[in-house]
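For the sequence shown, full-length UniProt numbering begins at 1 and goes up steadily by one.
Every residue, glycine too, gets a C-beta built ideally from N, C-alpha and C.
See below for the structure under consideration.
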Amino acid sequence: MAEHASTEPSVFTRILRGEIPGEVLLSTEDVFVLRDINPQAPIHLLVIPKTQAYPDVVALAADDPKLLAHMVEVARLAAAQQGATDFRLIFNTGAGAGQTVFHVHAHVLASTAYDLGEGTMTAGMPEPAERTS
Numbered sequence: 001m002a003e004h005a006s007t008e009p010s011v012f013t014r015i016l017r018g019e020i021p022g023e024v025l026l027s028t029e030d031v032f033v034l035r036d037i038n039p040q041a042p043i044h045l046l047v048i049p050k051t052q053a054y055p056d057v058v059a060l061a062a063d064d065p066k067l068l069a070h071m072v073e074v075a076r077l078a079a080a081q082q083g084a085t086d087f088r089l090i091f092n093t094g095a096g097a098g099q100t101v102f103h104v105h106a107h108v109l110a111s112t113a114y115d116l117g118e119g120t121m122t123a124g125m126p127e128p129a130e131r132t133s
């Protein structure tokens with residue numbers, strides 16, 4: 001994703017530095033958690049490494065799998081703090097997949113009131129017969 005590399009601080013780095021507002025719900029030495037400003041579920045959190053060295057989860061997994069594992073554990077803790085035991089963990093990888101900030105981050109989606117249901121993951125996608133290989 002070299003086309004998205006930037007020497008400018010990402011929006012997440014700017015939130016972490018206190019340059020722009022953001023509600024930090026949880027913070028460890030390497031990772032912090034924010035509420036998504038455009039929630040797609042009753043609980044929608046972002047788990048973000050404090051380093052912006054990795055544009056996406058593929059780069060992170062290749063270079064620092066321990067940090068990726070830590071992000072998953074923090075996602076579980078953050079969801080539990082919100083009262084959710086089950087959650088969906090999503091990494092958008094690339095603009096075509098909906099990634100808009102090229103500082104790796106995980107979306108934690110959950111609800112304590114209802115089951116999110118697997119079918120919601122395909123909302124807006126063409127029916128299987130319409131998809132092309």
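Buried versus exposed call for residue i [16 or more other C-beta atoms within 10 Å across all chains shown]
{"i": "TYR114", "result": "exposed"}
{"i": "residue 140", "result": "For residue 140 there is no data in the structure shown, the boundaries of the chain being 1 and 133."}
{"i": "ARG88", "result": "buried"}
{"i": "ALA78", "result": "buried"}
{"i": "GLN99", "result": "buried"}
{"i": "ALA62", "result": "exposed"}
{"i": "ILE20", "result": "exposed"}
Residues that residue i bridges to, as DSSP identifies them
{"i": "PHE32", "result": "SER27, ILE48"}
{"i": "ILE37", "result": "ILE37 pairs with nothing; no bridge assigned."}
{"i": "ILE43", "result": "ALA110"}
Beta-carbon separation (whole angstroms), residue i vs residue j, contact threshold 8 angstroms
{"i": "LEU34", "j": "GLU23", "result": "6 angstroms"}
{"i": "GLN81", "j": "LEU116", "result": "18 angstroms between Cβ atoms; not a contact."}
Unbroken stretches of the beta strand (DSSP E), 3 residues or longer, contained in the stretch 73-116 = 88-90, 106-110
Touch test, the stretch 92-111 against the stretch 35-47, Cβ-Cβ under 8 angstroms, three pairs minimum | yes
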